[in-house]
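In this note's numbering, the protein residues as written are 3 to 173.
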C-alpha cells in the first residue's frame with residue numbers, strides 16, 4: 003500500500019463530477035489496490051472519509067471508517083442516497099482537501115444509501131448521525147461540491163482566510 007496525494011482547495015479538479023464505476027473494475031487488482039491505498043491515506047491523514055475525486059480519480063467511489071478503532075472500513079461504489087430523513091442535524095465538518103478548517107453544516111440526520119461494495123455486491127444501508135454526515139459529505143465530493151459551499155458567504159470567506167493563514171504558517 004502507498005499514500006496518495008490529496009488534492010487541496012482551490013484545485014479545480016475538486017469541482018469535477020465523477021463518472022460511474024464500470025462493472026469490470028471490481029475484478030481489476032489495480033482497483034482493489036487503489037481502495038487499499040485510499041484507506042491508508044485516509045487513516046494517515048487522519049480522516050474518517052475520502053472520496054476518489056480527492057485523490058484525482060474521477061470515478062464514483064469513496065472509503066469511510068468513522069470508528070475510533072478504525073476497524074470498520076466501508077467502501078461505497080456508485081453510491082446513491084435513496085431516502086433522507088426530515089430530521090436535520092448540525093455537525094462540525096472538516097475536510098482533508100481543506101485542512102485545518104472546520105464549520106457547522108446542517109444535513110439530514112438519517113439516510114438510506116444504496117451502493118456496491120468493493121467486490122461488486124449491491125447493498126442498502128440505513129445510517130444516521132456521524133456516518134450519515136460522512137456519507138453525504140463524501141458523496142458531495144463525487145458531485146464536485148465541498149462542505150464550504152453550504153456556508154454563508156461571510157462564513158465561507160472566514161474559512162478560506164483561515165485556510166490561507168494556515169498555509170502561510172506551514173511555509
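Cβ atoms here follow ideal geometry from the backbone N, Cα and C, with glycine treated the same way.
Predicted model, so just to flag it, every value in this text is computed and none were measured.
Just verifying my parser: in three-state terms, what is the DSSP assignment at residue i?
| i | result |
| --- | --- |
| residue 31 | helix |
| residue 78 | strand |
| residue 160 | helix |
| residue 41 | helix |
| residue 2 | With the chain covering 3 to 173 only, the question about residue 2 has no answer from this structure. |
| residue 171 | helix |
| residue 10 | coil |
| residue 5 | coil |
Give me the Cα-Cα distance between residue i and residue j, rounded to the nearest whole angstrom.
| i | j | result |
| --- | --- | --- |
| residue 171 | residue 85 | 43 Å |
| residue 93 | residue 111 | 10 Å |
| residue 97 | residue 16 | 12 Å |
| residue 34 | residue 83 | 24 Å |
| residue 120 | residue 37 | 8 Å |
| residue 88 | residue 135 | 14 Å |
| residue 1 | residue 47 | Residue numbering for the chain in the displayed model covers 3 to 173; residue 1 lies beyond these limits and cannot be assessed. |
| residue 25 | residue 160 | 42 Å |
| residue 101 | residue 41 | 18 Å |
| residue 126 | residue 75 | 16 Å |
| residue 106 | residue 4 | 32 Å |
| residue 165 | residue 13 | 13 Å |
| residue 27 | residue 117 | 15 Å |
| residue 144 | residue 73 | 24 Å |
| residue 131 | residue 51 | 14 Å |
| residue 249 | residue 157 | Residue 249 lies beyond the residue range present for the chain, which begins at 3 and ends at 173; the question has no answer from this structure. |
| residue 178 | residue 67 | Lying before the first or after the last residue shown, residue 178 is absent from the chain, which here runs from 3 to 173. |
Since residue i and residue j should fall inside the 8 Å C-beta cutoff, what is the C-beta to C-beta distance between them, to a whole number of angstroms?
| i | j | result |
| --- | --- | --- |
| residue 139 | residue 95 | 6 Å |
| residue 2 | residue 20 | Only positions 3 to 173 of the chain appear in this structure, which leaves residue 2 out of reach. |
| residue 91 | residue 109 | 7 Å |
| residue 57 | residue 6 | 4 Å |
| residue 65 | residue 77 | 6 Å |
| residue 113 | residue 103 | About 24 Å separates the two Cβ atoms, so there is no contact after all. |
| residue 115 | residue 81 | 6 Å |
| residue 43 | residue 8 | 7 Å |
| residue 99 | residue 45 | Wrong, their Cβ atoms sit about 16 Å apart, outside the cutoff. |
Looking only at DSSP bridge pairs, what is residue i linked to?
| i | result |
| --- | --- |
| residue 53 | 64 |
| residue 21 | 61 |
Using a Cβ-Cβ cut-off of 8 Å, state whether residue i counts as contacting chain C.
| i | result |
| --- | --- |
| residue 87 | Absence of chain C from the displayed structure is noted, only one protein chain being present. |
_Please give the ranges of any beta strand (DSSP E) in the region 70-156, keeping only runs that are unbroken, at least 3 residues long and fully inside the region._
Runs found: 76-86, 90-97, 100-110, 112-118, 124-130.
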